[in-house]
Amino acid sequence: MLVNCVAYQDGKRLGDIPKEAISDYVNRPECFVWVALKDPTPEELEEMAQEFDLHPLAVEDARHGHQRPKIEEYGSSLFAVLHVVEVRKGEINVGEIDIFVGRNYILSVRQRTEHGFGEVRVRAESEPELLKTGAGFVFYALMDNIVDRYFPVVDALEVELEAIEDKIFEGEAGASARDNMKALYELKHKGMMVRHAVEPLIEAVHKLYGGRVPQVCIGTQEYFRDIYDHLLRVSQQMDGLRDMVTIAMQVNLSMISLSENAVTKRLAAYAALVAVPTMIAGIYGMNFQNMPELKWTYGYPLSLAVMAAIDAYLWLKFKRTGWL
Amino acid sequence: MLVNCVAYQDGKRLGDIPKEAISDYVNRPECFVWVALKDPTPEELEEMAQEFDLHPLAVEDARHGHQRPKIEEYGSSLFAVLHVVEVRKGEINVGEIDIFVGRNYILSVRQRTEHGFGEVRVRAESEPELLKTGAGFVFYALMDNIVDRYFPVVDALEVELEAIEDKIFEGEAGASARDNMKALYELKHKGMMVRHAVEPLIEAVHKLYGGRVPQVCIGTQEYFRDIYDHLLRVSQQMDGLRDMVTIAMQVNLSMISLSENAVTKRLAAYAALVAVPTMIAGIYGMNFQNMPELKWTYGYPLSLAVMAAIDAYLWLKFKRTGWL
Amino acid sequence: MLVNCVAYQDGKRLGDIPKEAISDYVNRPECFVWVALKDPTPEELEEMAQEFDLHPLAVEDARHGHQRPKIEEYGSSLFAVLHVVEVRKGEINVGEIDIFVGRNYILSVRQRTEHGFGEVRVRAESEPELLKTGAGFVFYALMDNIVDRYFPVVDALEVELEAIEDKIFEGEAGASARDNMKALYELKHKGMMVRHAVEPLIEAVHKLYGGRVPQVCIGTQEYFRDIYDHLLRVSQQMDGLRDMVTIAMQVNLSMISLSENAVTKRLAAYAALVAVPTMIAGIYGMNFQNMPELKWTYGYPLSLAVMAAIDAYLWLKFKRTGWL
Amino acid sequence: MLVNCVAYQDGKRLGDIPKEAISDYVNRPECFVWVALKDPTPEELEEMAQEFDLHPLAVEDARHGHQRPKIEEYGSSLFAVLHVVEVRKGEINVGEIDIFVGRNYILSVRQRTEHGFGEVRVRAESEPELLKTGAGFVFYALMDNIVDRYFPVVDALEVELEAIEDKIFEGEAGASARDNMKALYELKHKGMMVRHAVEPLIEAVHKLYGGRVPQVCIGTQEYFRDIYDHLLRVSQQMDGLRDMVTIAMQVNLSMISLSENAVTKRLAAYAALVAVPTMIAGIYGMNFQNMPELKWTYGYPLSLAVMAAIDAYLWLKFKRTGWL
Amino acid sequence: MLVNCVAYQDGKRLGDIPKEAISDYVNRPECFVWVALKDPTPEELEEMAQEFDLHPLAVEDARHGHQRPKIEEYGSSLFAVLHVVEVRKGEINVGEIDIFVGRNYILSVRQRTEHGFGEVRVRAESEPELLKTGAGFVFYALMDNIVDRYFPVVDALEVELEAIEDKIFEGEAGASARDNMKALYELKHKGMMVRHAVEPLIEAVHKLYGGRVPQVCIGTQEYFRDIYDHLLRVSQQMDGLRDMVTIAMQVNLSMISLSENAVTKRLAAYAALVAVPTMIAGIYGMNFQNMPELKWTYGYPLSLAVMAAIDAYLWLKFKRTGWL
């Protein structure tokens, strides 16, 4: 689906243009064209490939989708794949945006994402000074927008971890430990999806400002370095998260052992409280002819009292050593 | 076994040629020869070595088989070893394809694989424009086909992991935990076989498009970069799989502990249900002369009622705390 | 909040200058201006950006705060972000200092830290010989001060680890093992915060003395190498700490198992001390007509004596094998 | 001990020469000398050092032995240390071979190995075409022989691992789990010895064919690349082995837990089978005056029948849930 | 404390010289001065700094001590920090030696070590040929001596590990497992201290013979490569040790579980031996009127015999299955 197709000159919007006119504007040196597609059909992609003269391998990647993040040079143009990561109802959703950038065009293809990039266009158009630098700046603005969306996702994962931590250290074992384990496992999985979005990009963005910079990014290197820095920040946070999740799993496992330990002690304490009276009762159940206690008037209540006294003593002792 | 032996000129098939004529066609600058062998005898290999003038070390590698994936330059020709990974009845089967590529010949030697490469030849012959670029493009087409076969294998492993995950989080411990452990162990092993097929190749393919590119690949670098990108994708998925398998093993271990914990509690609860009536019975089995309860008309049913009441109370309590 | 705004010439303090005069002094080649801000408002930052002609991306970073440590070049000036790590009541507090350095100015922006940098100014002013070398030396002096503050933090963490180690190896399991686990988990977390402050800086500082050195640091490379060396030292200590914390967690887990083991044995020993007399009592509670012991005058005390004797024997045996 | 001392010319054996004549032959440009020592005395080494004019540091290394594998250049000659790994009665034996190679000599010093290198000499002499290329080829032939001996060792370790795996997944816990653990620990240790033989060599051999190649290896680079490739193969197999051993240890640990779990359940089942009849017997051992069952003619057999029935029911139930 | 202060010319000892004369000798091109300090006061260091014209940052490092190992260039002179590792009564003691080397001087500052370097001086003076090459050779001789002292330390740690291994695989669990755990933890810690001494040095020494070699080391590169090789050997051994300690910890943990398992089984067996007679006694303690066995003459001894027989049978069965 075509979302937008706009031509710009000198940082100012010339207006929407029909798809067929794209190649005319692309050939005017002072113009650039910015086209946005959303979940396009193969035919729409093919049309764009012809208007912009895109490389068949890049177009094939965009058609298939499910690429890993990357930035590839095809001659003087760039083909970038970025993952758009969103949290929807506690689940991570990974969409994809494929960007084709040339000297005077930019084509973004959005796939499987709810949230669009209209705000990028609005912001870019409000800064004609920067927009004047051309397609490279729009490319930066799109990437910046996508990368900035990683931060709330990372924060959400960190909040999730903290909630699990609290449960681990305060909660009871059992069902809860099982849930914690599952939650940590899923958190690990979500973290992996975010890392897969971020890490391949780091090296790729590095090449946009250091070393031999592609033609289209010249003059905006400092902006791409800024994106690089944001990516490193996300990556560092994700590394920290991964480490803490791993440790939290170990801690949870320890807590299960500790809980097992506590249960064993409690059981043993209760068992003792029952076993000792049973033993005493057994003794007075013996059939010896000559057992003087049996004939005492208060023998029976006395024996019960002894049982109760011993149990009370044990109870206190167990309480004090923390077994009960 | 000789599968095919075909000469091409200007991207068009000249037709099958006899083995003995290979060296004639190889010496014509405008031709190239594409030969496919399958599980060849040493004699067949030797014959090819002479027709194509192959390096003895490369031929020895092809004869022995069981090489690690690699791409080696011998003068202006290349020798590549790739693993063909197939899933057969839940087991990973690793075959091998050795490819000798020169300026105007390509020789593929397929070993221990069920599935052939006829489709590559058909597709290549249907694109004479690309086939015209010569042996380098055929080399790409073969590699592309092999690498594309990795994806369904990786997907199969991921599906297998998901099935085990479900069993871990929902199933009962015991026999099932043992099976999960074994399944995870085998999954790890399968993953290792795929990684051994993929990882050595990544660096090797990198050299086909970046830095000093071998003569035979010049003009098709972008295609090899595409393969490189696919390999990275497989590698990333495999890394993720490896991490999750490791974690799943830990989780499974935790689940075993949790199940042990649950069993201990249940046992203790049942023991209590038996031990308390035993204690009461013991008390009324004592032989004190003066035990008024013994003379009550309803002493016996009352004592049974007390036992039943206590057990009912305990039962409810255990149910409520989740021990039963 | 403006803390200081001082102009220097030839290593000597010219005196405080009004904010508006900054740009005048900055344009005099023989002067340099040293300004310190603390938790500035966006307006204050904007004002400084204009006086010093700072790059908008750097200013934006300083306004947002929460950057990862880094040193970036913008033309001939540098923008550095450092984390100030302090221990406050057992918690790690991470503040931030952003430093803008040019040929003849230095602007430090301190955020979320208690402790200021007045002492750096005092020390620098007392060494006019070194201060004469200009903004680069002040930059070094600030970094040196911040990096030196890492050492007491690392030492505090190491002391904390030692305290936990003692508890692990000497203490009883149970509540204490749970506390140890939590303490180790938190120590891990604190360590991560310190490492996040230190590690990105290592590579950044490396670039200030090796390879292409920024203009502003020329002549003071050996000083920056000294900082680099300190950072490596902190990093090595932190790596050691991380390893030991991981191991300590494992050890703690083992100790929990061992404690479980000890408890099981103790319980079993006590159970035996009760079960054996119960069995004997059971035997003499049988109703056989012909049980000669029952008629012995001292049958009853003898049976009690046997019970006591067996228990005493068991007690000693358990004591000797360490079960009690 | 001197094993061989032979001079060669144009790829043909001139014949054995006395030790004293070595330096004469070494100085003839068209000749080369190949000397093999075995566990030499310091005096023998010293003599060789003088005949061949070897570097004192290299000679000291050869005298001390117990070096790590390496290849060092001393001017135009090379000094190589390789580990010879053999399996003797299930134990890994690590011998050492030190090789001094110059333009026209090769001296091999074999230490602590059973198996000699006579076959290398025989094979080399049977290929005069290759032997003609001089000392570099002999150096290759020796290394190739040593590296090829790693494969059966690796295979033996893999077979050992498979045997342990079978025991882990099928065997009973207890003594066997302890043996598995010990076997895995020793396997880990053996694997480490092989890796220590292989890994330092990889980088060293890489320098013999890539980058600035030592004079003595020029013309045989492809042969050294072949060795490099074999080393990578060994290394990859060893990495796989290491990973699987680590995992197998974890699995074994899980199996111990599972077995503990199973034992606990069995015990509990048997305890229940004893406890329930005991409780019933206790009830009918109570001394209430009014217990009608006691007066029934078939009260006693009935009570026994009830006990037996309950136990039979429990037995079946436990069998069905897999506790027995 | 000044230990030695000697001037050398042409590899021969000129004799001890007073501290004040150092700068005179240093200025004579054909001489070099070798000074050894031990735990110097700040004043002594300051004096030396002036005589040798040392860089203030290096002197500050030497004054503070507790540096990480490193080798830094200050102009044409070197400043090296090495850790001297000694085993004293089972504990690792880490001392420090700071070495300042210039074209014609060497100053060694020894701190917190028992063992001096007199033997290095004796050996160096006995080899005037090598000593003639100047300060670089003395620098090598000192480093060589320090690095050679690492080997016995590593060997001592390996012996310690072997002793623990024996205890793990043969010993009983309980107190011993706790001790093993502690011993392994401490071994880990000691290993870390050695690694901290060795690893930073590896890269530093590499720069003394490869790439741009400092002036003072030219002509002795092969000697520094020899040290590099020794360091790699220590490092490899330490890596192996670290891996084995980690594994040994896991094995120890498994052994604890196994021992728990064995204890549980033994307890259960003993419990059964008591519970079964108790049940039988309970049955014959029932008060049914019609229990024919009670009236048998040998009923009582028969019942005891049955109890004994069942226990004997169980005993044998438990023995055979290894539970007792």
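Chains as they are written, first to last, in my numbering: chain R, 1 to 324; chain G, 1001 to 1324; chain Z, 2001 to 2324; chain D, 3001 to 3324; chain S, 4001 to 4324.
C-beta: ideal position from N, C-alpha, C; glycine also.
- DSSP places Z/H2115 outside both helix and strand once states are collapsed to three, so it counts as coil.
- A distance below 6 Å between beta-carbons, with the five flanking residues on each side excluded, links Z/L2054 to the following residues of its chain, in chain order: F2100.
- Distances from the CA of Z/D2016 to each of Z/V2035, Z/S2076, Z/T2297 were compared; the closest alpha carbon is that of Z/V2035.
- Note: S/F4100 is bridge-paired with S/F4079, S/L4107 in the DSSP secondary-structure output.
- Note that the segment 4135-4145 of chain S touches the segment 4118-4127 of chain S; at least 3 beta-carbon pairs, one per stretch, sit closer than 8 Å.
- Within the segment 201-284 of chain R, the complete alpha helix (DSSP H) segments at least 4 residues long are 221-284, listed from N- to C-terminus.
- With respect to the 8 Å criterion, R/P277 and G/M1279 are classified as neighbours on the basis of their beta carbons.
- At a beta-carbon threshold of 9 Å, none of the residues of chain D lie near G/V1084; the nearest stands roughly 18 Å away.
- Listed as beta-bridge partners of D/D3016 by DSSP are D/V3006.
- Nearest to S/E4060 by alpha-carbon distance, out of S/M4238, S/Y4209, S/D4098, is S/D4098.
- Around the beta-carbon of S/S4076, fewer than 16 other beta-carbon atoms lie within 10 Å, marking it exposed.
- Beta bridge pairing from DSSP links R/I71 with R/A80.
- Only exposed fits Z/V2159, as fewer than 16 other CB atoms lie within 10 angstroms of its CB.
- Per DSSP, the continuous alpha helix (DSSP H) segment holding S/F4169 begins and ends at 4150-4170.
- Here the segment 243-255 of chain R does not lie against the segment 1231-1242 of chain G, with fewer than 3 beta-carbon pairs under 8 Å apart.
- Contact fails between the segment 1080-1100 of chain G and the segment 285-300 of chain R, because fewer than three Cβ pairs, one in each stretch, are under 8 Å apart.
- Along the segment 4210-4230 of chain S, going in chain order, the ones with a CB nearer than 8 Å to a CB of chain D are E4222, Y4223, R4225, D4226, D4229.
- Note on Z/N2252: 16 or more other CB atoms within 10 angstroms of its CB, so buried under the neighbour-count rule.
- At the C-beta level, G/I1256 and R/Y185 stay beyond 8 Å of one another.
- Spatial neighbours of Z/K2132 in its own chain (CB-CB distance under 8 Å, excluding positions within 5 residues in sequence) are listed in chain order as D2010, G2011.
- Residues of the segment 2260-2274 of chain Z with a C-beta atom less than 8 Å from some C-beta of chain S are E2260, N2261, A2262, T2264, K2265, A2268, A2271, A2272, listed in chain order.
- G/L1078 is classed as buried because its beta carbon has at least 16 other beta carbons within 10 Å across all chains shown.
- For Z/G2136, the three-state secondary structure derived from DSSP is helix.
- Proximity of chain G to D/G3282 at the Cβ level (cut-off 8 Å) is accounted for by P1277, T1278, A1281, G1282, G1285, in chain order.
- Around R/H189, the beta-carbon contacts reaching into chain G at under 8 Å are M1244.
- With a threshold of 8 Å between beta carbons, R/G299 makes contact with chain G.
- DSSP, reduced to helix, strand and coil, places G/K1188 within a helical segment of the structure shown.
- The beta carbon of S/H4206 sits no closer than 8 Å to any beta carbon of chain Z.
- The shortest C-alpha to C-alpha distance from R/K190 to any of R/K319, R/Y150, R/P18, R/V205 is the one to R/Y150.
- The beta carbon of D/F3169 lies closer than 6 Å to none in the same chain, with the five residues before and after it left out.
- By the rule that beta-carbons nearer than 8 Å mark a contact, D/G3240 touches chain G.
- Between the segment 204-220 of chain R and the segment 257-270 of chain R, the count of C-beta pairs closer than 8 Å stays below three; the two stretches do not touch.
- For D/A3049, no chain S residue has a Cβ inside 8 Å of its Cβ, as the nearest lies near 15 Å away.
- Any Cβ of chain D closer than 8 Å to the Cβ of S/R4195 would place that residue at the interface, and such an atom is absent.
- For the options Z/F2137, Z/A2268, Z/K2265, the alpha carbon positioned closest to that of Z/L2208 is the one of Z/F2137.
- For R/I92, the closest alpha carbon among the candidates R/A309, R/S254, R/N287, R/V194 is that of R/V194.
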